[in-house]
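Report on the structure given below.
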Amino acid sequence: MIYKHQNGNFSENTWIFVNDNTNEAIIVDPGSDMLQVFKILNGKNVTDIFITHGHIDHILGLAETKNKYPNARIVAHELANETLPDPHKNLSYLWGYPITAPKPDYTFSKQGTQIEAAGQKWNLFHTPGHAYDHAVFLGEDGTLFGGDVLFQDGGIGRVDFEGSSPSDMSESLKFVLNFDPKTVVHPGHGDTFLIEDAKPFFNF
Numbered sequence: 000m001i002y003k004h005q006n007g008n009f010s011e012n013t014w015i016f017v018n019d020n021t022n023e024a025i026i027v028d029p030g031s032d033m034l035q036v037f038k039i040l041n042g043k044n045v046t047d048i049f050i051t052h053g054h055i056d057h058i059l060g061l062a063e064t065k066n067k068y069p070n071a072r073i074v075a076h077e078l079a080n081e082t083l084p085d086p087h088k089n090l091s092y093l094w095g096y097p098i099t100a101p102k103p104d105y106t107f108s109k110q111g112t113q114i115e116a117a118g119q120k121w122n123l124f125h126t127p128g129h130a131y132d133h134a135v136f137l138g139e140d141g142t143l144f145g146g147d148v149l150f151q152d153g154g155i156g157r158v159d160f161e162g163s164s165p166s167d168m169s170e171s172l173k174f175v176l177n178f179d180p181k182t183v184v185h186p187g188h189g190d191t192f193l194i195e196d197a198k199p200f201f202n203f
């Protein structure tokens, strides 16, 4: 089961993956309204916290979440070691609310690194462009937590921030759009969609 909570700040999505067979859960990109998310997770064993990238809207609730679930593993790309604790690199200084978020407990650098979380296998991919530490998480069930790479109806993450790269974004889009057409994308903003529905918006 997958739950979505759209946070009040930045309209950012926090996703909750729950394995109903094991009662284990993953929190993806903890945002500003974690008390509401914690209610959804009542009684669940939160094993992991996936971070797609270290921008303020996706990590506002990370420290709070780690305090709530100290045994949960923060999973991110290795470059998140730089972005999460740095108010300039996580862009929080731009909004006058500098935050120093906890560093990851587990990082990856190799494309396609596989881990197990909440009772299923996940492949982790580095997808820079919107942010240089950006990652996506592809589950064996066809679930993709896609962060801010692409959105419904052909939208993409901004590439005018510090640490962004239009050329990297182009390559990451090509890469993600080559996933199985039936892959279900749960983005950082907006609604869920299929890869096959996004492809017509791009000429790669």
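One point on numbering: in numbering that gives the first Met the number 0, the residue at position 45 of the sequence shown is 44, and numbering is uninterrupted.
Note that beta-carbon positions come from the ideal geometry of N, C-alpha and C, so glycine has one too.
Bear in mind that the values here come from a model prediction, so they are computed numbers and not experimental data.
Spanning the alpha carbons of Pro69 and Gly189 requires a straight line of approximately 29 Å. Distances from the CA of Val183 to each of Gln5, Gly141, Glu63 and Ile98 were compared; the closest alpha carbon is that of Gly141. Boundaries around Glu81 are those of the alpha helix (DSSP H), Ala79 to Thr82, since no beta strand (DSSP E) includes it. Using a 10 angstroms sphere on the CB of Thr13, the tally of other CB atoms reaches 16 or more, which defines it as buried.
Shown here for Asp132: same chain residues with a beta carbon closer than 6 Å to its own, the five before and five after excluded, namely His52, Gly53, His76, Leu78, Ala79 and Thr82 in chain order. Excluding residues up to 5 positions away in sequence, Gly53, Ile58, Leu61, Ala62, Leu83, Pro84 and Asn89 lie with their Cβ nearer than 8 Å to the Cβ of Ala100 in the same chain. The segment 132 to 193 contains, as complete beta strand (DSSP E) runs of 3+ residues, the segments 134 to 138, 142 to 146 and 183 to 186 (chain order). If you check the CB distance, Phe37 and Lys67 come in under 9 Å.
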